[in-house]
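Mind the numbering: the sequence shown is residues -18 to 765 in our numbering, read in order. The beta carbon of each residue, even a glycine, is placed where N, CA and C say it ideally should be.
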Amino acid sequence: MASDAELAAFFDQQTLLLTRERDAEIERTGLLLSSCSPKLLERKGLALGALSVASVRIGLGGKSLIELERPSAYHTSQLFPSHTFRPGDLARIEEHVSSASAAAKKSAGSAKKPGSSTKGAAIAADSNASEGVVFKVVTDSKIIIAIDASDSSEGLDLPELCRVLKLANSVTYDRMDRAIETARRLALPSEASSDGKKNVASSQLSMNPLVQVLLGITKPSDPLPTGDIEFLDTSLNDSQKEAVKFTLQAPEVALIHGPPGTGKTHTLVEIIRQLVKQGKRLLVCGASNLAVDNLLERLIPHGIPLTRIGHPARILTALHNETLDAQAARSDESALAKDVKNELEAAMNALSGKGKGRLKGAERKKMWNEVKELRKEYRKREGSVVKNVMAQAKIVLATCHSSGGRQLQNTIFDVVLIDEATQALEAVCWIPILKGKKLILAGDPLQLPPTIMSTDQSDKKKAKLAKPETKAKPVAGKGASKGAKAAPKSAPQDDPQSPADSDSDDSNDSEDGEESQKPPKGKTAASASSKPTLSLRPSKSLEVTLFDRLEKMYGNKKIKRMLTVQYRMHATIAAFPSKTLYKSALISHESVASHLLKDLPETSSDPQVISEMLEPPVVFFDTAGCEYFERLQEDDGEGKRGSVSDEGSRCNENEATVVKNWVEKLVNAGLPPSQIAVITPYQAQVALLSTLLKPTMPDLEIGTVDGMQGREKEAIVLSLVRSNDKREVGFLKEKRRLNVAMTRPRRHLCVVGDSSTVSQGSSYLKKWMAWLEENAEVVFGGLE
């Protein structure tokens, strides 16, 4: 049982780690904004300049929705350039300034306060700047910023020509901090009473059995008797049925480990339907909007009353009818709020008028007072509508972060389910957890963890000092393509040990400038010993997810079940990850074990094309000895040397040409570009490949490995990029990233890389290169 001292140490560490992560994001964003000119910020996609106000509307919660567009007087095209703005991002609207005037302001500011730091061109804007959240990006020609009602006061004085800046997002951190603080006060009521602060959470939730188990105060209870379960989906396999039964019987918490292609979502839908059948009300969350929408899409055909909350623009268009906004608009009570909304929008548009029609002085002040009163009335009426809509939902779906919104305030659910929990910080999981009595976590700890920005600088230096200097000889010999038989039809229903290899490849090369894509250092809890610790220990890093921590604390058999049959990959493609990461527990269903590109009806029937292109499940273009060296892609020279703006990413032109040739051959063999994805760990290589392939193949998907997690294609072409004399591989040595990369294809995997460099990165990479030599169709030299 966790002591008060252990609980305090755990929460102290969570708070410390969150503070470091928040500071790292603020520092990164602030450094970019302060060191880059407005023009460079636009090129980096962090700003959109010379915009005008198209309209002002009122959204859910009384927010002001400011629609901005590119006026024809300043732009030849109304389409935005490439940018990084997405719904939910924190942004600021301020007066547009040119690079020249911004530099002048910056110089003036520096001269005015000698020796003091300046926030630079990007932040030395007008004092009337308004901060809000990106609500929607409309066909890359308009952007809508939502500003809270509390901020839409007389200070909302938008300039005639403005720009939008992307800021560090503090809202998610605020919610995580509050969730951790609430959990702390539940677990340590003595602290709450001693410091005089009221424990408001305890009146709603108190210390329920779920919270006690999650914090190691008590052990998980024995399974509940359920009797024979009548499965609603008769297509479930044995491991899926076992996972469903185990989850329904678990009194407090259950973990579902779903390796690639094992039908995790399929299994979760059955679990949800069974719980609804029992009369339970569920909060279904995910680490991302995509994960939530995936579950929503599968649940809709079953006719269960449900509501999806969150930013409408981040929700798939086909699912908008299920959103809270759409359901509220369709409700009978919505007409009561609509009249007030129309008046409010008319008043806001009058206030945002430009030129001669602009309200001034007493007229403007009177209009603002009217807006305040209208907003109060609108929020009151709208609140009643939202409350009635939410009351009818048996299932509420949201991201973990969005579940902390006011729509679910003071709402308790029978069950909280979090999908892709292994990609979510533990702290963000506590936001929905505090609204539930039972918890279900689903994910794969052997795929990519949450992205962590606050990496340890001292560890970076150690990694650099430990780089090997000796050259490795190129791999010799050609491996023939080998078929693989389907694995046996039976497998253990829960893995006796956490499926992972024992390599201690912990360090990450950190000279790459792509912090946003780097996973944190260290092993996952899943790669540690499966012997339970039965104690609450402070996490060393935010990379330790709640899924990891519970698995380590209580062991596999007590709280976890693993899905063991995969329905995606050819057996040869699945063989290496199954053996090295999943202890050979991952088996291929007979329906996919031998499927190849040649089996697709649209592909060529030419025997030579079949033999060369369509028959091998795995192809390896080994460029060892070809001197196809990587290149560091730096920025365009603006910004200070050594600053964030001076960091770069890796690309490899010769390797890109090999990829281009192979993709063109696949397409010429009849495979549609939409069924192919080209992936690489490096953003610079993504950009290079896009310039080579996108003009002729717009339907071809090109992206990072991280962006493909949770998805699949018939064929995947993987560019490893790294090739250098020092045999440095950067974050290629991260097993989980490679696991994602090699488990995306259904019928064909093509790897392009330098085995002499890659094999030196870690023992895991060495094993993979050796496996490719033996099991892939190996082509040496790359370019033909």
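Exercise. Given K245, which residues of its chain have a CB within under 7 Å of its CB, disregarding the five upstream and five downstream residues?
Worked result: Taking the first residue of the sequence shown as position 1, residue 245 is located at position 264. Same-chain partners within the cutoff: I237, G239, A423 and L544.
Problem set entry | At least three beta-carbon pairs within less than 8 Å, the stretch 200 to 217 to the stretch 393 to 407 | no
Problem set entry | Beta-carbon separation (whole angstroms), L673 vs K641, contact threshold 8 Å | Translated into positions along the sequence shown, residue 673 becomes position 692. Translated into positions along the sequence shown, residue 641 becomes position 660. 5 Å between Cβ atoms; contact.
Exercise. Closest to T380 by CA distance: which of S592, A(-14), L332 and G291 is it?
Worked result: Sequence index remark: in the sequence shown, residue 380 carries index 399 (1-based). Taking only the C-alpha atoms, the option nearest T380 is G291.
Problem set entry | Bridge-paired residues (DSSP) for M543 | Reading the sequence shown from its first residue, position 562 is the one you call residue 543. DSSP lists H238 as partners of M543.
Exercise. Cβ of C731 within 9 Å of Cβ of V600?
Worked result: As a first step, residue 731 must be located in the sequence shown, where it is residue number 750. As a first step, residue 600 must be located in the sequence shown, where it is residue number 619. Yes, the Cβ-Cβ distance between C731 and V600 is below 9 Å.
Problem set entry | Meets three-Cβ-pair contact criterion under 8 Å: the stretch 409 to 421 and the stretch 317 to 324 | no
For this session: Only counting runs of 3 or more residues, tell me where the beta strand (DSSP E) segments fall wholly within the stretch 215 to 261, in order along the chain.
Result: 234 to 238
Exercise. Under a Cβ-count criterion, where at least 16 other Cβ atoms within 10 Å of its own Cβ denotes burial, should A766 be classed as buried or exposed?
Worked result: Here the chain has residues from -18 to 765 only, and residue 766 is not among them.
Problem set entry | the stretch 46 to 57 in contact with the stretch 275 to 283 per 3-pair CB rule at 8 Å | no
Exercise. Under 9 Å, do V115 and D155 count as touching if we go by C-beta distance?
Worked result: Here residue 115 refers to the residue found at position 134 when the sequence shown is read from its first residue. Here residue 155 refers to the residue found at position 174 when the sequence shown is read from its first residue. It is not a contact, given that the beta carbons lie outside the stated cut-off.
Exercise. Residues in its own chain within less than 7 Å of M434 by CB, not counting five upstream and five downstream?
Worked result: As a working note, residue 434 is residue 453 in the sequence shown. Once the five neighbours on either side are set aside, the close Cβ partners of M434 are E2, A5, E6, R9 and E496.
For this session: Just tell me which of L12, F528, G242 and L398 has its CA closest to the CA of R802.
Result: Outside the displayed range of the chain (-18 to 765) lies residue 802, so it cannot be described from this structure.
For this session: Using a threshold of 9 Å, state whether the C-beta atoms of R585 and L595 are closer than that.
Result: Within the sequence shown, residue 585 is the residue found at index 604, counting from 1. Within the sequence shown, residue 595 is the residue found at index 614, counting from 1. This sequence places Ser at residue 585; Arg is not what is there. Cβ distance < 9 Å, so S585 and L595 count as in contact.
For this session: Look at the alpha carbon of G101 and the alpha carbon of K147, and state the distance between them as a whole number of angstroms.
Result: As a working mapping, residue 101 is identified with position 120 in the sequence shown. As a working mapping, residue 147 is identified with position 166 in the sequence shown. Reliability fails at G101, whose pLDDT of 33 lies under 50, so the model's placement of it is uncertain and no value is given.
Problem set entry | Close Cβ partners of E407 (< 8 Å) along its chain, the five nearest in sequence each way excluded | Position 426 of the sequence shown, counting from 1, holds the residue named residue 407. If we look at E407 and ignore the five residues flanking it on each side, its Cβ neighbours are Q(-5), S520, L523, V525, T526, L527 and R530.
Problem set entry | Three-way DSSP call (helix, strand, coil) for L699 in this model | Numbered from its first residue, the sequence shown carries residue 699 at position 718. Three-state DSSP puts L699 in a strand.
Exercise. Residues in its own chain within less than 6 Å of A272 by CB, not counting five upstream and five downstream?
Worked result: Here residue 272 refers to the residue found at position 291 when the sequence shown is read from its first residue. Here the set comprises D400 and E401.
Exercise. Nearest to Y535 by CA position, among E112, S671, D(-15) and V194, is which residue?
Worked result: For the purposes of this step, residue 535 is taken as the residue at position 554 of the sequence shown. Of E112, S671, D(-15) and V194, the residue nearest in Cα terms is V194.
Problem set entry | Counted within 10 angstroms of its Cβ, other Cβ atoms place Q404 as buried (16 or more) or exposed | Taking the first residue of the sequence shown as 1, we reach residue 404 at position 423. Its Cβ being crowded by 16 or more others within 10 Å, Q404 is buried.
Exercise. When the Cα atoms are used, what is the spatial distance from K368 to I126?
Worked result: Counting from 1 along the sequence shown, the entry for residue 368 is found at position 387. Counting from 1 along the sequence shown, the entry for residue 126 is found at position 145. Each residue's alpha carbon lies about 25 Å from the other.
Exercise. Quick one: what does DSSP say C731 is sitting in, helix, strand or coil?
Worked result: Your numbering for residue 731 matches position 750 in the sequence shown. Three-state DSSP puts C731 in a strand.
Problem set entry | Proximal residues to S736 (C-beta, below 6 Å), its chain only, five neighbours per side dropped | On the sequence shown, residue 736 is found 755 positions in, with the first residue counted as 1. Cβ neighbours of S736 beyond the five flanking positions: V456, D603, A605 and M750.
For this session: Output the boundary residues of the beta strand (DSSP E) element that contains R718.
Result: To locate residue 718, count along the sequence shown from 1; it is residue 737. First-last for R718: K716 to M723, but that is the alpha helix (DSSP H), not the beta strand (DSSP E).
Exercise. Alpha helix (DSSP H) containing G342: first to last residue?
Worked result: Translated into positions along the sequence shown, residue 342 becomes position 361. Counting along the chain, the alpha helix (DSSP H) containing G342 begins and ends at G342 to A372.
For this session: Measuring alpha carbon to alpha carbon, tell me which of H729, V145 and K646 ends up nearest H64.
Result: Here residue 64 is taken as the residue at index 83 of the sequence shown, counted from 1. Of H729, V145 and K646, the residue nearest in Cα terms is V145.
Exercise. Does the beta-carbon of Y609 have 16 or more other beta-carbons within 10 angstroms, so that it is buried, or is it exposed?
Worked result: Numbered from its first residue, the sequence shown carries residue 609 at position 628. Under this definition Y609 is a buried residue.
Problem set entry | Residue of T638, P653 and A310 minimising C-alpha distance to P582 | Locating residue 582 in the sequence shown gives position 601, where the first residue counts as 1. With distances taken between Cα atoms, P582 lies closest to P653.
Exercise. For P170, does the three-state DSSP call read helix, strand or coil?
Worked result: Position 189 of the sequence shown holds residue 170. Looking at P170 - three-state DSSP - the assignment turns out to be helix.
Exercise. The beta strand (DSSP E) spanning D603 covers which residue range?
Worked result: On the sequence shown, residue 603 is found 622 positions in, with the first residue counted as 1. Residues V599 to D603.
For this session: Determine the closest residue to V346 out of R360, M329 and I591, with distance taken between C-alpha atoms.
Result: Walking along the sequence shown from the start, residue 346 turns up at place 365. The sequence as given places Lys at residue 346; Val does not occur at that position. It is M329 whose Cα lies nearest to the Cα of K346.
For this session: Assign T120 to one of three DSSP states: helix, strand, or coil.
Result: The count along the sequence shown starts at 1 and reaches residue 120 at position 139. Note: T120 maps to coil in three-state DSSP.
For this session: Output yes or no for whether 9 Å exceeds the beta carbon distance between E251 and V234.
Result: Stepping through the sequence shown from its first residue, residue 251 is reached at position 270. Stepping through the sequence shown from its first residue, residue 234 is reached at position 253. Not in contact: E251 and V234 (Cβ atoms no closer than 9 Å).
Exercise. Closest to L(-17) by CA distance: which of P68, I198, A(-10) and M157 is it?
Worked result: The sequence position of residue -17 within the sequence shown is 2, counting from 1. For clarity, residue -17 is Ala in the given sequence; the question names Leu instead. Residue I198 is the option with its Cα nearest to A(-17).
Problem set entry | Where V686 falls: helix, strand or coil (DSSP) | On the sequence shown, residue 686 is found 705 positions in, with the first residue counted as 1. In this structure, V686 counts as coil in the three-state DSSP scheme.
Problem set entry | Cross-strand partners of P726 (DSSP beta bridge) | The residue you call residue 726 lines up with position 745 of the sequence shown. Bridge partners of P726: K694.
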